[in-house]
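2 protein chains.
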Amino acid sequence: MIRHTVVFRLKHPRGSAEEISFLRAGMALADIPGVEKFEQLRQVSPKNDYHFGYSMEFADRSAYKGYDEHPVHVAYVRDRWIPEVEAFLEIDYEPLG
Amino acid sequence: MIRHTVVFRLKHPRGSAEEISFLRAGMALADIPGVEKFEQLRQVSPKNDYHFGYSMEFADRSAYKGYDEHPVHVAYVRDRWIPEVEAFLEIDYEPLG
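Protein chains in written order, with our numbering: chain A, 1396 to 1492; chain B, 1396 to 1492.
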C-alpha cells in the first residue's frame, strides 16, 4: 500500500466560487483506475500554512504510476493545479517495517 | 474526526539501533485514550526530505486535547522527540465540507 497525499494552499480567496470549482474538479481524480480511499480534506493545524489536502491509496507502485500518467490526472495538473495552487507539499507513505 | 499527522526526520543514521528505539518508544502513543487508527509510516516521496510519519485520528477536539496533555505524550515529546528529531511538520486534517 502506498498512501499519496498532498497538502496545499490555493491562490483563490477562502470560500470563493473559484475554490469550490477547484475542489469539485478534483473529485474526478477519485474515478481514475487504481485510486482507493480518495479524500478531500481541510487542513486545520495552525502550525503550517496549508488549507487543504488530498489523500488516496494505491495497491502498489504500478497503480500509482498508472494514476500519475492517466489523462484525467495530467489534465487536472495542467489546467487547474499549476494555475491555481499557490504552494503545496507531496508526502507519500508506506507501512513501516 | 480529526486526523493528526506528523512527518519527520531523525538525527540518527538510517536503520540505526537508535532509530529503532525511537520508533518502538513511539508505539506507546497508540495506547493513549482517544487515539484511533495509530500508524507509524515510512515517507517514500523523493519530493520532500522527511523519512517517517505518524498518523492517528481523534473523534473530536476534546479527545485530541486529552492526547496532547497526556503524561505519556508529554514525556515522549520531552524525552525522545525534542532530543532526537531533526525536522518535522505537523499536518492535521478534518473532512471537507
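Where is the CB? At the ideal position from N, CA and C, for every residue including glycine.
Tell me the DSSP secondary structure of VAL1467(B) in three-state form.
The answer is helix: DSSP assigns VAL1467(B) an H, G or I state.
Sorted by chain position, which residues of the same chain lie with C-beta nearer than 8 Å to GLU1489(B)'s C-beta, five sequence neighbours on each side aside?
Closer than 8 Å at the Cβ level, and outside the excluded window around GLU1489(B), lie MET1396, ILE1397 and ARG1398.
Just curious, the alpha helix (DSSP H) that SER1440(A) is in, first and last residue?
That residue, SER1440(A), is in no alpha helix (DSSP H); it is neither H nor E in DSSP.
Suppose the cutoff is 7 Å on Cβ atoms and the five residues either side in sequence are ignored; what does the same chain contact list for PHE1483(A) look like?
The beta carbon of PHE1483(A) sits closer than 7 Å to those of VAL1401, VAL1402 and PHE1403, all from its chain and outside the five residues before and after it, given in chain order.
Listed from N- to C-terminal order along the chain, which residues in the stretch 1435-1461 of chain A have their beta-carbon within a distance smaller than 8 Å of any beta-carbon of chain B?
Residues of the stretch 1435-1461 of chain A with a C-beta less than 8 Å from any C-beta of chain B: GLN1435, LEU1436, ARG1437, GLN1438, VAL1439, SER1440, LYS1442, ASN1443, TYR1445, PHE1447, GLY1448 and SER1450, listed in chain order.
Among HIS1407(B), ALA1412(B), GLY1421(B) and SER1411(B), which residue has its Cα nearest to the Cα of VAL1467(B)?
Nearest to VAL1467(B) by C-alpha distance, out of HIS1407(B), ALA1412(B), GLY1421(B) and SER1411(B), is GLY1421(B).
Can you name, in chain order, every residue of its own chain whose Cβ lies under 8 Å from the Cβ of ARG1437(B), other than the five neighbours on each side?
For ARG1437(B), where only same-chain residues beyond five positions count, the Cβ hits under 8 Å are HIS1446, PHE1447 and GLY1448.
When you compare the CB positions of LYS1442(A) and GLU1485(B), do they come within less than 8 Å of one another, or not?
With a cutoff of 8 Å on beta-carbon distance, LYS1442(A) and GLU1485(B) are scored as near each other.
For the stretch 1470-1486 of chain B, which residues have a beta carbon sitting closer than 9 Å to at least one beta carbon of chain A?
If the cut-off is 9 Å between Cβ atoms, the stretch 1470-1486 of chain B has LEU1484, GLU1485 and ILE1486 near chain A.
Taking Cβ-Cβ distances shorter than 9 Å, what residues in chain A pair up with LEU1405(B)?
Per Cβ cutoff of 9 Å: no residues; LEU1405(B) is ~13 Å from chain A at best.
DSSP state of ARG1404(B) mapped onto helix, strand, coil:
Reduced to three states, the DSSP call for ARG1404(B) is strand.
Of all the options SER1450(B), SER1411(B) and SER1440(B), which has the alpha carbon lying nearest to the alpha carbon of GLU1431(B)?
It is SER1450(B) whose Cα lies nearest to the Cα of GLU1431(B).
In terms of residues, what are the limits of the beta strand (DSSP E) holding ILE1486(B)?
Residues 1480-1490.
Cβ shell of PHE1453(B) (< 6 Å), same chain only, five flanking positions each side left out:
Answer for PHE1453(B): ILE1397, GLY1429 and TYR1459, listed in chain order.
Which first and last residues belong to the alpha helix (DSSP H) in which GLY1421(B) is found?
For GLY1421(B), the enclosing alpha helix (DSSP H) stretches over residues 1412-1421.
Using beta-carbon positions only, say whether ASP1487(B) and VAL1480(A) come within less than 8 Å of one another.
With a cutoff of 8 Å on beta-carbon distance, ASP1487(B) and VAL1480(A) are scored as not near each other.
Report the neighbours of PRO1490(A) on chain B: residues whose CB is nearer than 9 Å to its CB, in chain order.
Going along chain B in sequence order, the residues near PRO1490(A) (Cβ under 9 Å) are GLU1434, GLN1435, LEU1436 and ARG1437.
Under 8 Å between the Cβ atoms of PHE1417(B) and ARG1473(B)?
Not a contact, by the Cβ cut-off of 8 Å.
Kindly say whether VAL1430(A), judged by its beta-carbon, lies nearer than 8 Å to any beta-carbon of chain B.
In terms of beta-carbon proximity, VAL1430(A) stays away from the interface with chain B, with every pair separated by 8 Å or more.
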